[in-house]
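S.K.: In this text, residue positions in the sequence shown follow full-length UniProt numbering: the first is 1, and each later residue adds one.
Beta carbons are placed, not taken as given, at the ideal position from N, Cα and C, and that holds for glycine.
Let me give you the structure first, and then I'll get to my questions.
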Amino acid sequence: MRSNIRKAKVSDLSRITEIYNWAVENTTASFDINSQTLEQRAEWFEKHDERHPLIVYEIEGKVAGYASLSEYRSKEAYNITCELSVYVDPEYHKLGIGKELMGEVIELGKNTGFHIIISCICADNDISIKMHEQFGFKLCGHMKEIAFKFDKYLDCLFYQLFV
Numbered sequence: 001m002r003s004n005i006r007k008a009k010v011s012d013l014s015r016i017t018e019i020y021n022w023a024v025e026n027t028t029a030s031f032d033i034n035s036q037t038l039e040q041r042a043e044w045f046e047k048h049d050e051r052h053p054l055i056v057y058e059i060e061g062k063v064a065g066y067a068s069l070s071e072y073r074s075k076e077a078y079n080i081t082c083e084l085s086v087y088v089d090p091e092y093h094k095l096g097i098g099k100e101l102m103g104e105v106i107e108l109g110k111n112t113g114f115h116i117i118i119s120c121i122c123a124d125n126d127i128s129i130k131m132h133e134q135f136g137f138k139l140c141g142h143m144k145e146i147a148f149k150f151d152k153y154l155d156c157l158f159y160q161l162f163v
C-alpha cells in the first residue's frame, strides 16, 4: 500500500463519519438524506473485511479520505461483484487523493477474487464520472429519476469495471 494509505481502524470511524456526513449534507455523492450516527457507521464499518476492504488516506495523522469495496447484494450469486465508494474531505479536494484511494482499492479488489467492481454515480457528479472513466470503468446503465434529494429528481449511472 502507498505510504499515506492504510487499512482503516475503528479509531478512524469518527473522521470517516464526519467526511461521509459532509457529503450527505452537501452533495449528491450519497443518496442518504440524513446524516449518519456513529452507531450507523459502525454497523457499516463492521461489514468490511479482507475481501471487502476499507482504506483511508492519512495526512499528518489526519484521515483525509477513504475508499471501500462493499457487498453489492446479499444473494450468493452476486459474490463476484462489489460496490466501490470513495469520499474525500472537502479540505483535501483536488489533490489527487480520490484517485490514489481508487487506484489502491481497485488493486485490492483484483486480489480478492472479484470479477466486477461497480459504482452507482449521480448523473450530475461529473468529477466522479470522469475519475471512473480514467480507471477504465464503462457505463452500463442509466436509471432516470430514481432518487429525490435537494428538491429534485436524480438520475443514477451505473459504471462497471471487469477486474
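For the segment 90-125, which segments carrying the alpha helix (DSSP H) assignment without a break, of at least 4 residues, lie completely within its bounds, in sequence order?
M.R.: Those alpha helix (DSSP H) runs which fall completely within the segment 90-125 and span 4+ residues are 97-110.
S.K.: Comparing C-alpha positions only, which one of D12, V10, L161, G109 sits nearest to C120?
M.R.: Comparing Cα-Cα distances from C120 to each of D12, V10, L161, G109, the minimum goes to L161.
S.K.: In angstroms with no decimal places, state the Cα-to-Cα distance between D89 and E76.
M.R.: The alpha-carbon atoms of D89 and E76 are separated by roughly 34 angstroms.
S.K.: Residues in its own chain within less than 6 angstroms of H115 by CB, not counting five upstream and five downstream?
M.R.: Hits under 6 angstroms: I80.
S.K.: With H52 and E71 assumed to form a contact (beta carbons below 8 angstroms), what rounded beta-carbon distance in angstroms separates them?
M.R.: Confirmed, Cβ separation roughly 6 angstroms.
S.K.: By how many angstroms is the C-alpha of A29 removed from the C-alpha of N125?
M.R.: Roughly 7 angstroms between the two C-alpha positions.
S.K.: For the beta strand (DSSP E) containing S85, name the first residue and the last one.
M.R.: That run of the beta strand (DSSP E) goes 81-88.
S.K.: Measure the C-alpha to C-alpha separation of S35 and N21 and round it to an integer number of angstroms.
M.R.: Cα to Cα, S35 sits roughly 5 angstroms from N21.
S.K.: Please name the residue in S74, K47, E91, N111 whose C-alpha comes closest to that of R15.
M.R.: Considering only alpha carbons, the answer is E91.
S.K.: For the 8 angstroms Cβ check, are there 3 or more pairs between the segment 126-136 and the segment 98-114?
M.R.: Yes, the segment 126-136 is in contact with the segment 98-114.
S.K.: Here's the rule I'm using: 16 or more other beta-carbon atoms within 10 Å means buried, otherwise exposed. How should L69 be labelled?
M.R.: Label assigned to L69: buried.
S.K.: Alpha carbon to alpha carbon, how far is A42 from L139? Give it in angstroms, no decimals.
M.R.: When rounded, the distance between both Cα atoms is 31 angstroms.
S.K.: Find the nearest neighbour of V86 within the set S74, Y78, A64, R73, judged by alpha-carbon distance.
M.R.: When each option's Cα is compared against that of V86, the closest is A64.
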